[in-house]
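Working notes, beginning with the structure itself.
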Amino acid sequence: MSNNTSYTDAFDELQVIVTEIESGEISVDELSDKVKRATELIRICKAKLTTTEENVNKILKDLEGTEE
Numbered sequence: 130m131s132n133n134t135s136y137t138d139a140f141d142e143l144q145v146i147v148t149e150i151e152s153g154e155i156s157v158d159e160l161s162d163k164v165k166r167a168t169e170l171i172r173i174c175k176a177k178l179t180t181t182e183e184n185v186n187k188i189l190k191d192l193e194g195t196e197e
């Protein structure tokens, strides 16, 4: 999965991983891989949220400029 992954896809996969970890039925080796993957997914989600926030702020700033 890359940064082209949608926020929804990354979030959904993250939820699956959390459920698997909470079930306690994965091995230590799998746990390590799942935690690494979860970290990657969290980074993707955070980047998407940051980009969205920046875009919204730009749009709002542009709107403020047109109202004057």
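Read in my numbering, the sequence shown has 173 at position 44, and its numbers run on one by one without any break.
Every residue gets a Cβ at the ideal spot worked out from N, C-alpha and C, and that includes glycine.
Note that this is a predicted model, so its numbers are computed, not measured.
- Task: Have a look at residue 188 and residue 156 and give me their C-alpha separation to the nearest angstrom.
- Result: Along the sequence shown, read from residue 1 onward, the residue named residue 188 stands at position 59. Along the sequence shown, read from residue 1 onward, the residue named residue 156 stands at position 27. The alpha-carbon atoms of residue 188 and residue 156 are separated by roughly 47 angstroms.
- So, using beta-carbon positions, are residue 173 and residue 134 closer together than 8 angstroms? Locating residue 173 in the sequence shown gives position 44, where the first residue counts as 1. Locating residue 134 in the sequence shown gives position 5, where the first residue counts as 1. Contact: yes.
- Tell whether a beta-carbon distance below 8 angstroms holds between residue 150 and residue 165. Counting from one through the sequence shown, the residue named residue 150 turns up at place 21. Counting from one through the sequence shown, the residue named residue 165 turns up at place 36. The answer is no: Cβ separation not under 8 angstroms.
- Item | Segment limits, alpha helix (DSSP H) that includes residue 151 | As a working mapping, residue 151 is identified with position 22 in the sequence shown. Segment 136 to 152, the alpha helix (DSSP H) holding residue 151.
- Message: Distance check for residue 138 and residue 190, CA to CA, integer angstroms please.
- Response: One-based indexing of the sequence shown puts residue 190 at position 61. One-based indexing of the sequence shown puts residue 138 at position 9. One C-alpha to the other measures close to 30 angstroms.
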